Amino acid sequence: MTNPLPDPVSRRPNFWQVLYEKLVKINDTPQKIALGFGLGVFAGILPGTGPVASLVLAVIFRVNRVAALTGSLLTNTWLSFVTFLFAVKVGSWVTGAQWSEVQESVKTLWQDFRWENLFDVSVMRIFYPLIVGYVLIGLTLGLVTYFLALTVVTARRKRINPGNR
Numbered sequence: 131m132t133n134p135l136p137d138p139v140s141r142r143p144n145f146w147q148v149l150y151e152k153l154v155k156i157n158d159t160p161q162k163i164a165l166g167f168g169l170g171v172f173a174g175i176l177p178g179t180g181p182v183a184s185l186v187l188a189v190i191f192r193v194n195r196v197a198a199l200t201g202s203l204l205t206n207t208w209l210s211f212v213t214f215l216f217a218v219k220v221g222s223w224v225t226g227a228q229w230s231e232v233q234e235s236v237k238t239l240w241q242d243f244r245w246e247n248l249f250d251v252s253v254m255r256i257f258y259p260l261i262v263g264y265v266l267i268g269l270t271l272g273l274v275t276y277f278l279a280l281t282v283v284t285a286r287r288k289r290i291n292p293g294n295r
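The end of the sequence shown is residue 295 by the numbering used here, with every number in the run present.
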């Protein structure tokens, strides 16, 4: 006997497809949606800020809060860990910090981690380049996300409503 119901796995929509449909259907201008999404990605890259910062930025800049929260949740925790080393390298390069000294400080911090060491001067040699690196990476990814989202949302809306330009 065959099952008359479709396989649940085959009818489940793709995550990216659902995200795309949700962003396009938000009742707001493409600019506000795209800027909200870009601000969310920016805030999500910065460790420890994420959803709260994206919502605050969305309110300050008067952009779409749902798009900002979505962008933040997509990049928040998992991408921060992936970009850690890259952020330290970029920040070291921009601030002029010696990479070998920063690398040694990171190694020392991880090998002998104690909470009181977080306020040590050598640890501050890590945090300044790290924060600068995260901000630059966040700005770059946020801008790229803004332009991609603006292009996608605008194109999709023109395709759905060709008379509205």
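The beta-carbon is built from N, C-alpha and C at its ideal position, and this holds for glycine as well.
Predicted model only: the values in this text are computed from it and were never measured.
Looking at residue j and residue i, is the spacing between their C-beta atoms short of 8 Å?
| i | j | result |
| --- | --- | --- |
| residue 194 | residue 175 | no |
| residue 156 | residue 197 | yes |
| residue 262 | residue 160 | no |
Assign residue i to buried or exposed, taking buried as 16 or more other Cβ atoms, counted over all protein chains shown, within 10 Å of its Cβ.
| i | result |
| --- | --- |
| residue 255 | buried |
| residue 267 | buried |
| residue 279 | buried |
| residue 212 | exposed |
| residue 224 | exposed |
| residue 292 | exposed |
Could you compute how far the alpha carbon of residue i sits from the alpha carbon of residue j?
| i | j | result |
| --- | --- | --- |
| residue 218 | residue 287 | 40 Å |
| residue 199 | residue 265 | 18 Å |
| residue 237 | residue 221 | 17 Å |
| residue 281 | residue 165 | 12 Å |
| residue 300 | residue 214 | Residue 300 cannot be examined here, being either before or after the span of the chain that is shown, 131 to 295. |
| residue 290 | residue 270 | 30 Å |
| residue 242 | residue 177 | 22 Å |
| residue 258 | residue 235 | 12 Å |
| residue 308 | residue 158 | The requested residue 308 is not part of the displayed model; the chain covers only 131 to 295. |
| residue 260 | residue 216 | 9 Å |
| residue 185 | residue 147 | 24 Å |
| residue 245 | residue 239 | 10 Å |
| residue 144 | residue 209 | 20 Å |
Using beta carbons (cut-off 8 Å, strictly below), is residue i in contact with chain D?
| i | result |
| --- | --- |
| residue 205 | Annotation note: the requested chain D is absent from the structure, which comprises a single protein chain. |
Exercise. Are the segment 267 to 285 and the segment 159 to 176 in contact at 8 Å, needing three or more beta carbon pairs?
Worked result: yes
For this session: Please determine if the segment 175 to 190 and the segment 198 to 212 are in contact, where contact requires at least 3 C-beta pairs separated by less than 8 Å.
Result: yes
Problem set entry | Completely contained alpha helix (DSSP H) runs for the segment 175 to 259, where each covers 4 or more residues | Counting whole runs of 4 or more residues, the segment 175 to 259 contains the alpha helix (DSSP H) stretches 180 to 191, 195 to 205, 207 to 212, 214 to 225 and 229 to 241.
For this session: Decide yes or no for the touch test of the segment 185 to 194 against the segment 214 to 233: beta carbon pairs closer than 8 Å, at least 3 of them.
Result: no
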